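Peer 1: Here it is, the structure, as structure tokens.
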Amino acid sequence: MSLGRFQFHQPSTTSEACALGLEYGRQSAFLAGGTELLVDLRSGRKKVDHVISLDGLDELKNITIEDGALHIGALVPLSDIAESEAVQSRFPALSNAIETMAGRQIRNRGTMGGNFCCGVPCSDTPPIACAAAAEVVLVGPEGTRTVEAQQFVLAPRVTVLNPGEILTEIRIPEQPKGTGASFKRFALRKGSALAVASVSVWVRMEEKIIREARIFLGAVGPIPLPAIKAAALLVDQKPDDEIFAQAGALAAKEAQPISDLRGSDQYRRDVVRVLTERALQQACERAEGSC
Ligand SMILES: Cc1cc2nc3c(=O)[nH]c(=O)nc-3n(C[C@H](O)[C@H](O)[C@H](O)COP(=O)(O)OP(=O)(O)OC[C@H]3O[C@@H](n4cnc5c(N)ncnc54)[C@H](O)[C@@H]3O)c2cc1C
Numbered sequence: 654m655s656l657g658r659f660q661f662h663q664p665s666t667t668s669e670a671c672a673l674g675l676e677y678g679r680q681s682a683f684l685a686g687g688t689e690l691l692v693d694l695r696s697g698r699k700k701v702d703h704v705i706s707l708d709g710l711d712e713l714k715n716i717t718i719e720d721g722a723l724h725i726g727a728l729v730p731l732s733d734i735a736e737s738e739a740v741q742s743r744f745p746a747l748s749n750a751i752e753t754m755a756g757r758q759i760r761n762r763g764t765m766g767g768n769f770c771c772g773v774p775c776s777d778t779p780p781i782a783c784a785a786a787a788e789v790v791l792v793g794p795e796g797t798r799t800v801e802a803q804q805f806v807l808a809p810r811v812t813v814l815n816p817g818e819i820l821t822e823i824r825i826p827e828q829p830k831g832t833g834a835s836f837k838r839f840a841l842r843k844g845s846a847l848a849v850a851s852v853s854v855w856v857r858m859e860e861k862i863i864r865e866a867r868i869f870l871g872a873v874g875p876i877p878l879p880a881i882k883a884a885a886l887l888v889d890q891k892p893d894d895e896i897f898a899q900a901g902a903l904a905a906k907e908a909q910p911i912s913d914l915r916g917s918d919q920y921r922r923d924v925v926r927v928l929t930e931r932a933l934q935q936a937c938e939r940a941e942g943s944c
């Protein structure tokens with residue numbers, strides 16, 4: 654199938670891109686790396702008359718550190734994020750998540766902004782960003798707003814973005830001493846296989862006790878899904894195999910998986926249970942190591 658016919662726009666500023674997005678509304682789509690959009694256009698899942706390239710927006714292509722927080726430009730290629738010294742030293746779980754995604758060619762083109770904006774339930778970077786309590790910055794015709802990463806995806810392929818709005822940056826807050834995070838994912842093969850399930854964990858520890866925990870599940874719900882009961886169970890507990898197993902069992906119950914060609918509902922719950930245990934183990938080790 655062909656991509657279909659559309660007019661191609663190449664704005665050089667964010668405000669120009671927003672204005673085009675507002676003018677053409679649902680008849681248009683922003684193009685970042687194109688690894689999702691071009692597949693959708695070619696398959697006919699999406700049809701638009703206008704494609705607005707974001708490639709000219711150089712201000713969205715940097716990773717910076719401000720007040721200890723990581724600011725990741727929406728257009729930074731996934732492979733650059735994974736290899737960034739700033740990301741690896743401040744929030745290695747994000748590098749780990751990206752390294753599991755797709756193959757090298759897709760990671761060289763695809764962006765974290767695009768991974769968020771497609772709103773697909775099996776997107777890998779939103780759950781680990783949610784676990785880190787990240788925020789996303791949106792710039793649109795009405796101005797700039799900041800939204801919690803957790804609030805960004807509303808339903809499969811539906812986000813809070815308004816017509817003409819562009820996601821410009823993902824902000825990962827400073828990770829204080831005593832905190833650690835982990836991303837664990839299972840797919841049917843290595844390389845270019847979408848997740849059957851993923852689990853993202855963040856913990857804060859004090860004197861070898863877990864004081865705060867966040868768990869987000871990927872590919873087993875319509876949005877990056879918080880496993881609220883599993884996370885609550887961990888608070889004020891010693892990190893050991895027994896409590897990890899109990900949290901894993903609760904997370905499996907909280908998952909909302911569908912059955913499809915990648916796995917049945919029950920299989921996915923079993924995967925969530927095991928991944929939660931492994932992610933908790935690693936997150937707690939990292940937290941203890943950072944004290
Ligand atoms: C072979 C293959 C394997 C893949 N494997 C994985 C995988 O393992 N894990 C995974 O999570 N994903 C995977 N993907 C999906 C895709 O590569 C990722 O979601 C990627 O991060 C999308 O980024 P992009 O820059 O290419 O987005 P695009 O394709 O350019 O855009 C995706 C959507 O987001 C919108 N958009 C993009 N950027 C912005 C922005 N800054 N502001 C507003 N709207 C925007 C576009 O209009 C479009 O609707 C795979 C895709 C392919 C083809």
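For the sequence shown, the numbering used here begins at 654 and goes up steadily by one.
Where a beta carbon is used, it is the ideal one built from N, C-alpha and C, also for glycine.
It should be emphasised that the depicted structure is a prediction, and the values quoted were computed from it without experimental measurement.
1) Quick one, are the C-beta atoms of residue 747 and residue 778 less than 8 Å apart?
2) My output table needs one value for residue 660: the three-state DSSP class, helix, strand or coil.
3) To the nearest whole angstrom, what separates the beta carbons of residue 904 and residue 883, a pair I think is in contact under 8 Å?
4) Using 8 Å as the cut-off, can you tell me whether the stretch 784-798 makes contact with the stretch 818-831, which would need three or more C-beta pairs spanning the two stretches below that distance?
5) Taking only heavy atoms of ligand 1 into account, decide whether any of them is closer than 7 Å to the Cβ of residue 878.
6) Which residue comes first and which comes last in the alpha helix (DSSP H) that contains residue 927?
7) Does the beta carbon of residue 754 fall short of 7 Å from some heavy atom of ligand 1?
8) Below 8 Å, can you find three or more Cβ-Cβ pairs linking the stretch 775-793 to the stretch 825-834?
9) Could you tell me the alpha carbon to alpha carbon distance between residue 661 and residue 703, rounded to whole angstroms?
10) So within the stretch 679-733, which uninterrupted beta strand (DSSP E) runs reach at least 3 residues, ignoring any that extend past its ends?
11) Would you say residue 856 touches ligand 1, meaning its beta carbon is less than 7 Å from a heavy atom?
12) Restricting to runs no shorter than 4 residues, where is the alpha helix (DSSP H) found entirely within the stretch 729-775?
13) In whole angstroms, give me the CA-to-CA distance for residue 912 and residue 906.
14) For residue 882, name the three-state secondary structure that DSSP assigns.
15) Rounded to whole angstroms, what's the CA-CA distance from residue 688 to residue 892? Just pull it up for me.
Peer 2: Well, looking at it:
1) The sequence position of residue 747 within the sequence shown is 94, counting from 1. The sequence position of residue 778 within the sequence shown is 125, counting from 1. Closer than 8 Å, so yes.
2) For this step, residue 660 is matched to residue 7 along the sequence shown. Looking at residue 660 - three-state DSSP - the assignment turns out to be strand.
3) To locate residue 904, count along the sequence shown from 1; it is residue 251. To locate residue 883, count along the sequence shown from 1; it is residue 230. About 4 Å; that satisfies the 8 Å criterion.
4) yes
5) As a first step, residue 878 must be located in the sequence shown, where it is residue number 225. Every heavy atom of ligand 1 is 7 Å or more from the Cβ of residue 878, so no.
6) In the sequence shown, the residue the question calls residue 927 occupies position 274. 918-942 is the extent of the alpha helix (DSSP H) around residue 927.
7) Working through the sequence shown from its first residue, we reach residue 754 at position 101. Correct: residue 754 has its Cβ closer than 7 Å to ligand 1.
8) yes
9) Taking the first residue of the sequence shown as 1, we reach residue 661 at position 8. Taking the first residue of the sequence shown as 1, we reach residue 703 at position 50. A direct Cα-Cα distance of roughly 6 Å separates residue 661 from residue 703.
10) 681-684, 703-706, 716-719, 722-726
11) Here the question's residue 856 lines up with position 203 in the sequence shown. Answer for residue 856: no, Cβ out of range of ligand 1.
12) 731-736, 738-743, 745-752, 757-762, 765-770
13) Reading the sequence shown from its first residue, position 259 is the one you call residue 912. Reading the sequence shown from its first residue, position 253 is the one you call residue 906. Straight-line Cα distance between these residues: approximately 15 Å.
14) In the sequence shown, residue 882 corresponds to position 229, counting from 1. Reduced to three states, the DSSP call for residue 882 is helix.
15) As a first step, residue 688 is located in the sequence shown; it is residue number 35 there, counting from the start. As a first step, residue 892 is located in the sequence shown; it is residue number 239 there, counting from the start. Distance between the alpha carbons of residue 688 and residue 892: 40 Å.
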